Ligand code: ADP
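Numbering (my numbering), first residue to last: 837 to 1231.
Right, dumping it as C-alpha cells:
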C-alpha cells in the first residue's frame, strides 16, 4: 500500500493552521496558515518543499479559506488524500482517545464548549466547514485533554466541594496531551526503553507551557488544570496565582471578570514580568544587554518550571528522564540549564556542550555523565494527530 496522506487542521477563532502529513515522512509535504479570517486582510500562506507562497483571501471565513486550500492540498497529495485530523482542545471526560467524527461526536464537542469557550467553538467551525467540503473523507478529532484522562482521582480533583465536580465538571483536565504523548514515545525510543515500561517528566514550553508526569505511557499528573491558565508562567499567561487575587482586584481596583481574565491570560507571564515581550528569544537578547525585567522574567520562568517538575516527580516510581520540548524547550540552552540547576535534589546535571548543541530541531541527550537522563525532543503534534487519524482508519 502506498504511504497515505492526512491533512491536519488546527482552527482558532480567526485562523486555520494546517499541515499535510505523509505517513512515511517526518517533514510535512505542505504546511501553512490562513489568518485574519473574516477580515478584509485575510491571507493564506503556505510552504511546500523549500518554496513559500501566499494568497490574499479578503473576508474569507473558515469555509472559504478551506475551499481555497483544497486544490493546494490535492495537488501536494497527488490527488490522494486519505483523511483529515482535527485538533480539538477540550474533550472533557467524554473523550479518552481520538474519535472518528460523526453527529454524536460533534454534539459532544459542542456540549464541552463551556469548558473551553474560546477554543472548542473555533475547532467546531473548522470541523463543520471541512465536513461540508469533504463529506466523503474520514475525519477524526484528536483532543488535547484525552491523554490526561488517565490521571488518578487524587491528581485531578481540586480541594473543592464534590458537587462542583459532579454537577459542573470542575476538575483538572490538562492540555498539550498530544505533545506530551508524542515526545514521551520518542524519548523512550531514543533511550532504548519501552514506552510501556518507563517513567518520564515532560516540559512542553511554547507560548503555552505545561509539565507532565508520564508512567508506562500514561499521563499521571500535569500542571494545566480546568483551563490552560493553571501552572507554569507562560508567554502571556500568569500560571498559578493566589485564587484570592480575583476578589482582591475586584475589591481594591473595581475590576470586572473580563478585565481580570485579560490580565491573567494576555498581560501576564513573561510579558507582564519583563514589561517587554512574551517571546523568550527577545528576552534572552535583552537579558544579555542587562535588561532587569527580562532577567527577572527568565529567572521566575525557570524557577517556577523547576518547582513544577519537582512536584510532578511525586507521581513517578522512578525517573528515566526529563524531556524538554516546544519552541523554548527545543531552543533555549539557557532555560534548560537554569531550570536543571534548581533540580539538584533529583540528581540532575547538564553537559554544557551537549546542551548548547541541541537547538533548531536537533534532538539528543544533554545530561552530564553519570546523571539521570535529560533529553531534548522536538515535538510534532501534527504528526501525532495524523498517526492517530490513520490508526482509526485502520481500525
Ligand atoms: P506555540 O506554543 O505557539 O506553538 P512554540 O512552540 O513555537 O509556540 O514556542 C514559541 C516560543 O519559543 C517563543 O517564546 C519563542 O521565543 C521561543 N523560541 C523559539 N526559538 C527560540 C530560541 N532560539 N531561543 C529561545 N527561545 C526560542
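For glycine and all other residues, C-beta sits at the position ideal for the given N, C-alpha and C.
On a predicted model such as this, the values are computed, not experimentally measured, just so you know.
* To do: Could you please go through the chain and list the residues whose beta-carbon is closer than 5 Å to any non-hydrogen atom of the ligand ADP?
  => 1042, 1043, 1115, 1116, 1117, 1162, 1163, 1164, 1167, 1168
* To do: May I ask you to report which of helix, strand or coil DSSP gives residue 1060?
  => coil
* Euclidean distance between Cα positions of residue 862 and residue 1223 -> 11 Å
* Asked: Taking 7 Å as the cut-off, is the CB of residue 1013 close to at least one heavy atom of the ligand FMN?
  -> Ligands in the displayed structure: the ligand ADP; the ligand FMN is not one of them.
* Three-state secondary structure (DSSP) at residue 1047? -> strand
* Rounded to a whole number of angstroms, what is the C-alpha to C-alpha distance between residue 1008 and residue 1065? -> 11 Å
* To do: Just the C-alpha distance for residue 1036 and residue 895, rounded to the nearest angstrom, thanks.
  => 46 Å
* Asked: Out of curiosity, what's the CA-to-CA distance linking residue 859 and residue 983?
  -> 22 Å
* Return helix, strand or coil for residue 859, following the three-state DSSP convention. => coil
* Can you name the residues that DSSP bridges to residue 882? -> 868, 889
* Should residue 1015 and residue 1175 be called a contact, given that it needs their Cβ atoms to be closer than 8 Å? -> no
* Identify which residue in 1144, 1151, 1109 has its Cα closest to the Cα of residue 1131. => 1109
* Asked: Does the distance from the CB of residue 883 to the CB of residue 937 come in under 8 Å?
  -> no
* To do: Kindly identify the DSSP beta-bridge partner or partners of residue 920.
  => 843, 975
* Asked: Between 1121, 1111, 1042, 1074, which lies nearest to residue 1101 when the distance is taken from Cα to Cα?
  -> 1074
* Asked: Which same chain residues, not among the five before or five after residue 831, have their C-beta less than 8 Å away from its C-beta?
  -> Lying before the first or after the last residue shown, residue 831 is absent from the chain, which here runs from 837 to 1231.
* Answer yes or no: do residue 1183 and residue 1027 have a C-beta to C-beta separation smaller than 8 Å? => no
* When we look at the beta-carbon of residue 1078 and count the other beta-carbons within 10 Å, is it buried (16 or more) or exposed? -> exposed
* Would you say residue 873 and residue 850 are within 8 Å of each other, going by their C-beta atoms? -> yes
* Asked: Can you tell which of 900, 885, 908 has the C-alpha that lies nearest to the C-alpha of residue 871?
  -> 900
* **For residue 1040, the three-state DSSP class (helix, strand or coil)** => strand
* To do: List the endpoints of the continuous beta strand (DSSP E) containing residue 1161.
  => 1157-1161
* Where the alpha helix (DSSP H) containing residue 909 begins and where it ends -> 898-912
* To do: Go to residue 1210, then tell me how far its beta strand (DSSP E) extends in each direction, as first and last residue.
  => 1210-1212
* To do: Could you check which residue in 1001, 1218, 1120, 1193 has the C-alpha nearest to that of residue 1135?
  => 1120
* Asked: In terms of residues, what are the limits of the alpha helix (DSSP H) holding residue 1137?
  -> 1128-1148
* Quick one: what's residue 1200 bridged to in DSSP? -> 1212
* Asked: Taking the alpha-carbon positions, what's the residue 1192 to residue 1169 distance?
  -> 6 Å
* Asked: Within this structure, are the beta carbons of residue 1225 and residue 919 separated by less than 8 Å?
  -> yes
* **Buried versus exposed call for residue 1150 [16 or more other C-beta atoms within 10 Å across all chains shown]** => exposed
* **Proximity test, Cβ basis, 8 Å: residue 1114 and chain D** => Any reference to chain D falls outside this structure, which holds one protein chain only.
* To do: Could you have a look at residue 1035 and say whether DSSP puts it in helix, strand or coil?
  => strand
* **Beta-bridge partners of residue 1055, as assigned by DSSP** => 1050
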